[in-house]
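One point on numbering: in this note's numbering, the residue at position 156 of the sequence shown is 225, and numbering is uninterrupted.
Down below is the structure, laid out as structure tokens.
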Amino acid sequence: MRMLVPVFLVFTALAFSPVQSSPGGAGSALEAKSATRPAPEWKNTSWLNSDRPLSLPSLKGRVVLLNFWVFTCYNCTNTVPALKTIDRSYRNRGLTVIGIHTPEFPPYGGEHDVNNVAAALRKEGIEYANAQDNDRATWRLYGIQAWPSFVLIDKRGQIRYESVGEFHVDDRTHREWNRRIEALLAE
């Protein structure tokens, strides 16, 4: 009887755990959207690493990779080196990487303070534009539910791929992102 309870709990946990399937194979976090949809227009007014607020219409003709993150998130900062390599590799070829810094609520850790975000960008060596999303308006527009999350938008402003979770330089998901970005740049 003692053995049955733990076995039951393990099977119950497995039965109700989320399983994600995607075109990249088992365990891949990058999902192709079966039907593209227009990317919503964000309205963020507080920007770092940009001389002006960026808008979707101003980026028409460029591929855009949105990264929803917060500087106190371990998984988010673990992904930064891979994002920096993507930015460096494709910036001059037509890709714009944009960080959407979305703090947790209620506020803690100074996540809402623009000076703390700027310090985190300097510490991480992030050069691509970052918008502050303190009210979570952009988070909600895109239906984001976890950090870090990524949305890849094609040159016509259509969402083509979405992903959740950490990835690293030259791991399978990073290579998959590179393939997807190159394909969209070639369209």
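Think of the CB as a built atom: it goes at the ideal place given N, C-alpha and C, for glycine as much as any other residue.
Just so you know, these numbers come straight off a predicted model, no measurement behind them.
{"Query": "Range covered by the alpha helix (DSSP H) that runs through Thr-154", "Result": "143–159"}
{"Query": "Ordered list of alpha helix (DSSP H) runs contained in the segment 157–245, each at least 4 residues", "Result": "183–193 and 206–210"}
{"Query": "Leu-128 - DSSP class collapsed to helix/strand/coil", "Result": "helix"}
{"Query": "Per DSSP, cross-strand counterpart(s) of His-248", "Result": "First, the amino acid is wrong: residue 248 is Arg here, not His. For Arg-248, which the question treats as bridged, DSSP gives no partner whatsoever."}
{"Query": "Own chain partners of Leu-253 with C-beta closer than 8 Å, once the 5 adjacent residues on each side are dropped", "Result": "Val-132, Leu-221, Asp-223, Lys-224 and Arg-229"}
{"Query": "Closest residue to Arg-209 among Thr-171, Glu-231 and Ile-195 (Cα-Cα distance)", "Result": "Thr-171"}
{"Query": "Pro-126 beta carbon near the ligand PLP (any heavy atom closer than 7 Å)", "Result": "In the structure shown, the ligand PLP is absent, as is every other ligand, since no ligand is present at all."}
{"Query": "Counted within 10 angstroms of its Cβ, other Cβ atoms place Val-183 as buried (16 or more) or exposed", "Result": "exposed"}
{"Query": "Coil, strand or helix - Leu-134 by DSSP", "Result": "strand"}
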